[in-house]
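What follows is a set of notes on a single structure, which appears directly below.
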Amino acid sequence: YFEDYLEVLQRNQSALGEEKVLDYFKMRRFMITAYNNLRQLDRSIQSNDFKEVEADIKFLERVYKSIKKITNQPKEVAFEKIFLLNQKDYKIAKDMAISFKNKIDSSGALEKILRNEIKKKEENLMVLQKDSEEFNSASAKLKPVKKQYADTIYEISLAKENLIYISELMQAFRVKYFEPFCDLFEQNLKYYSVKIVKIMNAKAYEFDYTLWKNAKESPYIRKFFADCDIDGTYSSKTFLKYYIKSLDKEKLSSDNRKLLDLLNYLESSYTKRIAVVTKDSDSASSIKVAIENIDKDLYVVSSTSPVDIINISKNTNFDLVIFDYELKLMNGFDFVELYKKNHKVGLSDFCVIYTDEELKFMRDIQDLGIHYSLKRPVSQKELRDKLKLVL
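So for the sequence shown, the numbering used here puts the first residue at 71; every next one is plus one.
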């Protein structure tokens, strides 16, 4: 019965193991609103990757609703439809019970007809002269009717006995398996419901990540953020803060109050995690300060040791790794390859910092999954502006 749900889990194994999640049911309404608003600014932000994750979420929501529909039906209905009707012997017994009941009904109707016929024939005999030819003829006609009536009564009695017997067998079967079925069924419902929600939460993060990844690359959306003086990273949290600022705090509707709860959720339960690894401590510190100036809630780890960052990343799944092309013990590209070998990267971004002299080595960085690059040296303001775009 749960085979289709198992297939959904098997197709989404990577999502089940994903650490980066957002509560789908908390985020759903705002994600749709943010998506529609950003699409009004730039209709080109809907990439093929975005369409794919959007389709995945719609499909998973249908799967989740089907599970909830099953959960909300009475246990007895699930037991009947899912278990009993798939038991061969029980189905045979049920068909027999229906047959016996039909026999009782049809024979009962015949018994009534025969009873009335016997009554009429007996009344007719009462007015006839005994041992007369007419009496003997009428009496002869009554005998087969009485025999048929007796046979019918016997058939009804036998059908009733059989119906009682088969009903008791069926009831004993139901009693024996009802509780074990309910226990197993509820375990499976809970298991698949939890897993599907876990996948939806992972897909919600992917939806949010892809939406803002596309959005921050749009000149129209960047201009909108600049014109509206929206400070912070390109993210749902920043956009939600901007939206809430426009609301009258004294006249909040119930839906808008939910947005405040959502903001609290985003601020408390999920913070972007960023790693910075450079060849000297001053540079690492400068970048860390620039990032924290963009958004104080960002979690930033900085180091001059690529090995330390790789070790830390085993327990902290970074959203963004910023690194110098030239590092201690290795170059930046070797660092990225080593980083990826040591743990699952998932939805992580990489940003390489390079100098003019290193520019010639910057070819094919896309092949390594490095989507961003920064040229140095830059002023602190330039660094902040460029990092804001990356973030």
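Beta carbons: idealized from backbone N, C-alpha and C, even for Gly. Note that this is a predicted model, so its numbers are computed, not measured.
Counting the other Cβ atoms within 10 Å of the Cβ of Val245 gives fewer than 16, which makes it exposed.
By the CB criterion at 8 Å, Lys342 and Thr303 fall inside the cutoff. Short of 6 Å from the beta carbon of Arg81, and not among the five residues preceding or following it, lies no beta carbon of its own chain. Three or more beta-carbon pairs separated by less than 8 Å are not found between the stretch 115-126 and the stretch 301-318, which leaves the two stretches without contact.
Cβ neighbours of Ile115 within its own chain (closer than 7 Å, five residues either side excluded): Leu108, Arg109, Asn284, Ala285 and Ser288.
With a cut-off of 8 Å on Cβ pairs, the stretch 250-263 is in contact with the stretch 132-139, counting three or more such pairs. By alpha-carbon distance to Phe251, the top candidate from Glu238, Leu154 and Asp419 is Leu154.
Short of 7 Å from the beta carbon of Leu92, and not among the five residues preceding or following it, lie these beta carbons of its own chain, in chain order: Asn271, Ala274, Tyr275, Asp278 and Tyr340.
When Cβ pairs closer than 8 Å are counted between the two stretches, the stretch 193-205 is seen not to touch the stretch 217-237, the count staying below three. Taken atom to atom, the span from the alpha-carbon of Leu461 to that of Ile140 is near 42 Å. The alpha-carbon of Asp394 is positioned some 9 Å away from that of Leu444. Under DSSP, Val370 shares a beta bridge with Ile344.
A straight-line Cα-Cα distance of about 34 Å links Pro144 and Ile102. Taking each of Ile226, Asn156, Leu184 and Ile188 in turn and checking the Cα distance to Lys171, the smallest one comes out for Ile226. DSSP places Glu452 in the helix class (H, G or I) of the three-state scheme.
If the five residues before and after Thr222 are omitted, its C-beta is found closer than 8 Å to the C-beta atoms of Ser177, Leu180, Glu181 and Leu184, all from its own chain and listed in chain order.
Per DSSP, Val359 is one residue of the alpha helix (DSSP H) stretching across Ser351 to Ile364. From the listed residues Lys90, Met97, Ala85 and Val78, the smallest Cα separation to Asp325 is found for Met97. Between Lys216 and Tyr160, the alpha-carbon positions lie close to 38 Å from each other.
Burial is judged here by how many other beta carbons sit within 10 angstroms of a residue's own beta carbon; Tyr94 has at least 16 and is buried. For Lys411, the closest of Leu453, Gln157 and Val377 by C-alpha to C-alpha distance is Val377. Secondary-structure assignment with DSSP links Val422 through a beta bridge to Phe393 and Ser443. In this structure, the straight-line span from the alpha carbon of Glu362 to that of Leu368 is close to 6 Å. Val406 and Met400 have their alpha carbons spaced roughly 10 Å apart.
Secondary structure of Asn401 (DSSP, three-state): strand. In this structure, the beta-carbon distance from Phe100 to Leu332 falls below 8 Å.
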